[in-house]
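Protein chains in written order, with this note's numbering: chain V, 37 to 245; chain A, 108 to 586.
Right, dumping it as structure tokens:
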């Protein structure tokens, strides 16, 4: 029996586990992958403390097909960019969230048509129009309604959010939030700690008996 | 077939500790680790998933509701733990489930574990954080408790001269957070233990008086080794999976393997600090933000750790406001503006940990891959409600606001899977005896989180480590 193949071997073409393994993220740590073919850790400076990941808008995939345009609108709705945000701040599209389609760690490409189709069906049912013809608030309503019937969509939304708020492909979202990213440590800056007891303690050891 | 005295699967706390103790006896020890041998320079300050796939495997439950992960890489979970090393309160060892069953063996108590905890503390240089080590987010959390007239304690860590960079859980890039690669593993190697990385164990097989371990090596080539004594320490997700894949080759496997899955009562609580409160600077400092409150332990059997948070945290949690306040969905403009307005100064995260029944189950699918399920039953619902009640009390009494962290209620699960091959007194309910030996197969021991029979009330790493020391000592004396 070739258990080596079973254990470490080929990734199934479309597999829920592979999808989730790669697409969902945990609270304090996990975010979406770097876009390895275009933005390796070394190239973006993230592998060395003290560097800031550069913004590389040119690395973003541009939507060219109908399906991709629908997904770009999905991204724009989950994290609105300058077209929707009155502040003109960047959003999911500018964070290259559409690069999920090209990331070989994710089956988004394989799911793309199905995903676009689900959203369009929901849009037609709710408003009688395709998703692309809806206003922002209508699109948001469609996404909220769609996840009620298909819980896995929450993972898709998380993946898109992670591109922006987690800085998966570039730093526009991190910059927007004021997150400095890699650093050499904050130990010596005043903001690092109150440097005094701020609460009474129950134990003298740090743990209960 | 290559033969060793002892083969150990996994190099986290459950694996590296017995490796050292058994190598110290002069036994020929092989440790198989599925991840890589990583050094400090391999830990990028990057929350991106691709960087982290070297550090852990992650899964969601069958209904996509619960997220779980376990560490990989030489040193296992110690590479990515937030490094709070706390002894479990005595009451955790006395916990009884809804049927009245005492999940911990009567012979394993806090008092019994204390000398083993001390051993680990000495090995890993564990000490209490000073108040200067407590980052602002932890300080703000402690201030909330102080405002309530409650207590909040500084936590114990194996961290020396922390630079407060905020990347403990992606592997400390400055080598300040001690992991097993700083202590147990090099000492075991000095004593002759061999650690092979990139080796993913598929199944076990009875082989004469011992066992064959079949694995895929770093080149993805099938290999086999044998030993008379076998220790499984591949995590509470992977250890049962190895057993379950071995069913055709290990007759009479205990039927409770994979059951009783317990997520240590982890529930994510996020607070919006009151207006005018000091700034939290959420991304500064150690990821476990320096303090824990035991103030709710006596009444609710819940502790709460303060946590710091990179923005990725708020991408991963479905953080929304309740009571009709916006954002009520974690999507769109209102959510974006809410984060912009409140991160990093007013949003602080925390992790509640408590005692709850383990009603989940780990299984393997037709491809032999791990699956798990944590049913949202009445017990779990009641527990989460209890935790949320504590969170709401903190909010109400301090002027803070508790945010919901998942679509249903509060995110639970995450990083502390336990009990899937648990030890216990009852031979029908617990696959392992109190010494960690699986009842159905002599000389196979389980020493990781899988054998910890129930919630630990605090981060479980220290208890897993102490229990591994205890079982290792028993093996050295009895086998």
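Ideal Cβ placement from N, Cα and C applies to all residues, glycine included.
Neighbour list for residue i in chain V, Cβ cutoff strictly below 8 Å
i	result
residue 261 of chain A	237, 242
residue 422 of chain A	61, 67, 194, 197, 198, 200, 201, 202
residue 404 of chain A	244
Burial state of residue i, where buried means 16 or more other Cβ atoms lie within 10 Å
i	result
residue 373 of chain A	buried
residue 116 of chain A	buried
residue 46 of chain V	Its pLDDT being 35, under 50, residue 46 of chain V is placed unreliably in this model, and the coordinates cannot settle the point.
residue 541 of chain A	buried
residue 135 of chain V	buried
residue 73 of chain V	Unreliable placement is indicated for residue 73 of chain V, whose pLDDT of 23 sits below 50; the coordinate value is still reported in the next sentence. It counts as exposed.
residue 572 of chain A	buried
residue 358 of chain A	exposed
residue 567 of chain A	buried
residue 285 of chain A	buried
residue 58 of chain V	Reliability of the predicted coordinates at residue 58 of chain V is poor, the pLDDT of 36 falling under 50, and no value is obtained from them.
residue 93 of chain V	Because the pLDDT of residue 93 of chain V is 42, which lies under 50, any placement of that residue in the model is unreliable, and the number read from its coordinates should be weighed accordingly. Under this definition residue 93 of chain V is an exposed residue.
residue 224 of chain V	exposed
residue 472 of chain A	exposed
residue 124 of chain V	exposed
residue 538 of chain A	buried
residue 199 of chain A	buried
residue 326 of chain A	exposed
residue 150 of chain V	exposed
residue 570 of chain A	buried
residue 184 of chain A	buried
residue 186 of chain V	exposed
Pair within 8 Å by beta-carbon distance, residue i and residue j
i	j	result
residue 178 of chain V	residue 155 of chain V	yes
residue 432 of chain A	residue 415 of chain A	no
residue 402 of chain A	residue 244 of chain A	no
residue 259 of chain A	residue 455 of chain A	no
residue 319 of chain A	residue 333 of chain A	yes
residue 467 of chain A	residue 490 of chain A	no
residue 234 of chain V	residue 314 of chain A	no
residue 422 of chain A	residue 554 of chain A	no
residue 377 of chain A	residue 426 of chain A	yes
residue 410 of chain A	residue 210 of chain A	no
residue 243 of chain V	residue 263 of chain A	yes
residue 137 of chain A	residue 181 of chain A	no
Neighbour list for residue i in chain A, Cβ cutoff strictly below 8 Å
i	result
residue 232 of chain V	238
residue 188 of chain V	171
residue 113 of chain V	438, 439
residue 209 of chain V	418
residue 180 of chain V	436, 438
Interface partners of residue i on chain V, CB under 7 Å
i	result
residue 391 of chain A	222, 227, 228
residue 185 of chain A	Neighbours of residue 185 of chain A on chain V: none; closest Cβ ~15 Å, over 7 Å.
residue 242 of chain A	228, 229
residue 271 of chain A	221, 222, 223, 228
residue 514 of chain A	190
Proximity to residue i [Cα-Cα], best of the options
i	options	result
residue 287 of chain A	A/235, A/554, A/330, A/231	A/231
residue 335 of chain A	A/352, A/316, A/322	A/316
residue 556 of chain A	A/220, A/579, A/547, A/530	A/530
residue 117 of chain V	A/350, A/443, A/420, A/549	A/443
residue 232 of chain V	A/270, A/355, A/289, A/237	A/237
residue 132 of chain A	A/113, A/140, A/121, A/337	A/113
residue 149 of chain A	A/187, A/168, A/218, A/121	A/187
residue 166 of chain V	V/157, V/201, V/129	V/157
residue 520 of chain A	A/582, A/368, A/313, A/410	A/368
residue 228 of chain A	A/120, A/554, A/142	A/120
residue 481 of chain A	A/344, A/445, A/533	A/344
residue 217 of chain V	A/271, A/546, A/109, A/298	A/271
Partners in chain A for residue i, counting only beta-carbon separations shorter than 9 Å
i	result
residue 245 of chain V	194, 196, 197, 217
Neighbouring residues, chain A, relative to residue i (Cβ below 7 Å)
i	result
residue 185 of chain V	By Cβ distance, chain A contributes nothing, its closest Cβ being about 13 Å from residue 185 of chain V, past 7 Å.
residue 124 of chain V	The premise fails here: residue 124 of chain V is roughly 12 Å from chain A at the closest Cβ pair, so nothing lies under 7 Å.
residue 120 of chain V	440
Under 9 Å from the C-beta of residue i: neighbouring residues of chain V
i	result
residue 401 of chain A	238, 239, 243, 244
residue 425 of chain A	190, 193, 194
residue 235 of chain A	241, 242
Proximity test, residue i beta-carbon vs the ligand ZN heavy atom, cut-off 7 Å
i	result
residue 143 of chain V	Ligands in the displayed structure: none, and consequently the ligand ZN is not present.
Residue i: contacting residues in chain B (beta-carbon distance under 8 Å)
i	result
residue 451 of chain A	Among the chains of the structure shown, chain B does not appear; the protein chains present are V and A.
To be precise: take each residue of the stretch 247-260 of chain A, compare its Cβ to all Cβ atoms of chain V, and keep it if any distance is under 7 Å. Which residues remain?
249, 250, 252, 253, 258, 259, 260
Under 7 Å (Cβ pairs) to chain A, residues found in the stretch 158-176 of chain V:
Listed in sequence order: 176.
Could you name the residues of the stretch 133-153 of chain A whose beta carbon sits closer than 7 Å to any beta carbon of chain V, in the order they occur along the chain?
151, 152, 153
Cβ-based contacts, 8 Å cut-off: residues of the stretch 365-389 of chain A near chain V
375, 385, 386, 388
Closer than 7 Å, Cβ to any Cβ of chain V: which residues of the stretch 488-501 of chain A, in chain order?
none
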